[in-house]
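Structure first, then comments.
There are 2 protein chains.
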Amino acid sequence: MANGYNRTAQKQQILAAAKEEYALHGYSGTRMQAIADRAGLPKANIHYHFKNKQRLYLAVLDQIIDTWNQPFENVSADDDPAEALDNFIRTKVQQSYDDPAASKLFASEIIQGAPHLQGYLRSQMRPWVKARAGVIQNWIKAGKMQDTDPYQLIFMIWASTQHYADFQTQVLAILNKAEFDADLLHETASFISNIILKGCGLSVKEKAP
Amino acid sequence: MANGYNRTAQKQQILAAAKEEYALHGYSGTRMQAIADRAGLPKANIHYHFKNKQRLYLAVLDQIIDTWNQPFENVSADDDPAEALDNFIRTKVQQSYDDPAASKLFASEIIQGAPHLQGYLRSQMRPWVKARAGVIQNWIKAGKMQDTDPYQLIFMIWASTQHYADFQTQVLAILNKAEFDADLLHETASFISNIILKGCGLSVKEKAP
DNA sequence: AAATTTATTGACCATTTAGTCAGGTTTCGT
DNA sequence: ACGAAACCTGACTAAATGGTCAATAAATTT
Chain A
0 MANGYNRTAQ KQQILAAAKE EYALHGYSGT RMQAIADRAG LPKANIHYHF KNKQRLYLAV
60 LDQIIDTWNQ PFENVSADDD PAEALDNFIR TKVQQSYDDP AASKLFASEI IQGAPHLQGY
120 LRSQMRPWVK ARAGVIQNWI KAGKMQDTDP YQLIFMIWAS TQHYADFQTQ VLAILNKAEF
180 DADLLHETAS FISNIILKGC GLSVKEKAP
Chain B
0 MANGYNRTAQ KQQILAAAKE EYALHGYSGT RMQAIADRAG LPKANIHYHF KNKQRLYLAV
60 LDQIIDTWNQ PFENVSADDD PAEALDNFIR TKVQQSYDDP AASKLFASEI IQGAPHLQGY
120 LRSQMRPWVK ARAGVIQNWI KAGKMQDTDP YQLIFMIWAS TQHYADFQTQ VLAILNKAEF
180 DADLLHETAS FISNIILKGC GLSVKEKAP
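Line by line, the protein sequences are chains A and B.
Counting along the first sequence from 1, when you hit position 189 you're at 188 in numbering that gives the first Met the number 0, and nothing is skipped either side.
Counting along the second sequence from 1, when you hit position 208 you're at 207 in numbering that gives the first Met the number 0, and nothing is skipped either side.
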């Protein structure tokens, strides 16, 4: 799905601005003018780089997916489940923290029925999950962890890790905090990891030295 | 927040149609005409019942919140944690199943910074969570369950239960299913309940006779 | 340094869409 | 039955917004 490089820094600037705006206001709620303003450029310039609103949106989605997929490729049946799952969870939480807009934008797209991502879900994401589910299944067969539905497990990890990006507003309001700081991030990651690992019957161990 | 009764069935029809449209296309992406079409009414009729697009949106949110709050009021420190949490989880999953549009709409609103719900989050939801957190804290003090951050626990339950409504499209695509049926619902609720309860060090018991 | 391609921009336009309104119809109290 | 109030609706309007384009500037090539 990735379409190579984005030539200019300008283009990156537009993509970044667009990501924020789309995340904040949804696809329809986003105004090309607002993207232009955020990027500090005249609107017509954006239409020079991107044919139209939808193409720009797709380019943003593209970039998000590219970034996300990188870290998860290298889990294998030889790994230790507890360590691998812990790592998976912490990486996801970190990503949510680093780029909440990306998470929000993706979430909005899915919520609205993934009109632009049906193909991606089917042809990229499903095989990816299938492969990870296979690894988990192997762990179970090898007696490394108790019987647990791998798909449900992955969904639950996704849900609980992304929640802190997508529902940040709600979380902060409830906790009565102004922003999501590094402490809360760490606390959250540990909490989720603890519950999930223990829930799977895995012993939670601190990182080996 | 509730504003009394909705006099006519017509009004309910409009609210239902609006909920679907807003959930499906977001606030800005929703067209008054589309709501009218779905409700089978001329557009002007909608403007007779609701001053404008935003008021209609607020009315929809209002109704959702009203419905949601009903079941959770009656948890007390005397209850058994495992049973209460299990019940909480199953109710949330059931709600997601019964009215995914409500969940989606609420999620979109929060993702976009809760522009219409800041007040509600602060003045209604925060105290509500605080009270539930207090109950959980009491359980912990009474030795009924191990030490667990109540807020994090509640967030995690919210996240994992609502995920099946909000990200339904993604879940179905990954599982390669056409729709979310009652079996999957039950399976999901049990899975989440198992992981969470075990994760909290609670023994999972089937419903007492 | 001229020519040519690439990038930038303000002004403009066509379309979409929320909202209005005057006039008609139904319902309801008396 | 009658008047009044509530309800309904087709036709219209004003504003917002995505997108275009011709003119201009900058970079690149020859």
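In this text, a Cβ means the ideal position worked out from N, Cα and C, and glycines have one as well.
- At a cut-off of 8 Å, the C-beta of lysine 176/A has no neighbouring C-beta in chain B.
- The Cβ atoms of isoleucine 34/B and aspartate 165/A do not sit closer than 8 Å to each other.
- The stretch 168-183 of chain A makes no contact with the stretch 128-137 of chain A, as fewer than three CB pairs between them are under 8 Å.
- Residue Asn193/B holds the alpha-carbon nearest to the alpha-carbon of aspartate 148/A among Pro126/B, Asn193/B and Lys42/B.
- According to the DSSP assignment, glycine 133/A belongs to the alpha helix (DSSP H) that extends over 125-140.
- Put simply, the CB of aspartate 146/A is far from chain B, with every gap to its CB atoms at 8 Å or more.
- For arginine 30/A, the secondary structure class from DSSP, reduced to helix, strand or coil, is coil.
- Taking all protein chains in view, the Cβ of lysine 91/A is crowded by 16 or more other Cβ atoms within 10 Å, so the residue is classified as buried.
- Contact between isoleucine 195/A and isoleucine 88/A holds: CB atoms are separated by about 6 Å, below the 8 Å threshold.
- When Cβ-Cβ separations below 8 Å define contact, tyrosine 96/B makes no contact with chain A.
- CA-CA distance, aspartate 97/A to alanine 38/B, rounds to 42 Å.
- Taking C-beta atoms as the reference points, methionine 124/B and proline 80/B fail to come closer than 8 Å.
- Taking 8 Å as the cut-off between beta carbons, none of the residues of the stretch 54-68 of chain A comes near chain B.
- Inclusion of leucine 60/B and leucine 116/B in the CB contact set at 8 Å is warranted, their separation being smaller than that value.
- No Cβ of chain A is located within less than 8 Å of the beta carbon of tyrosine 21/B.
- Counting only the Cα atoms, glutamate 82/A lies some 15 Å from leucine 152/A.
- Under the 8 Å criterion on CB atoms, methionine 155/A is classed as interfacial with respect to chain B.
- The DSSP-derived three-state label of valine 74/A is coil.
- The three-state reading of DSSP puts leucine 174/B in helix, counting H, G and I together.
- Shown here for proline 114/B: same chain residues with a beta carbon closer than 8 Å to its own, the five before and five after excluded, namely Glu108 in chain order.
- For glycine 25/A, the nearest beta carbon of chain B is closer than 8 Å to its own beta carbon.
- Here asparagine 44/A carries a helix assignment [DSSP, helix/strand/coil].
- Residue-level contact check: arginine 89/A does not touch chain B, since none of the beta carbons of chain B fall below 8 Å from its beta carbon.
- Close to chain B, meaning a Cβ-Cβ distance shorter than 9 Å, are the following residues of the stretch 182-197 of chain A: Glu186, Thr187, Phe190, Ile191, Asn193, Ile194, Ile195, Leu196 and Lys197.
- For asparagine 86/B, the enclosing alpha helix (DSSP H) has its first and last residue at 80-97.
- Pairing threonine 160/A with isoleucine 135/A gives a Cβ-Cβ distance that is not under 8 Å.
- Secondary structure of valine 59/A (DSSP, three-state): helix.
- In the DSSP assignment, leucine 196/B falls within the unbroken alpha helix (DSSP H) covering 181-198.
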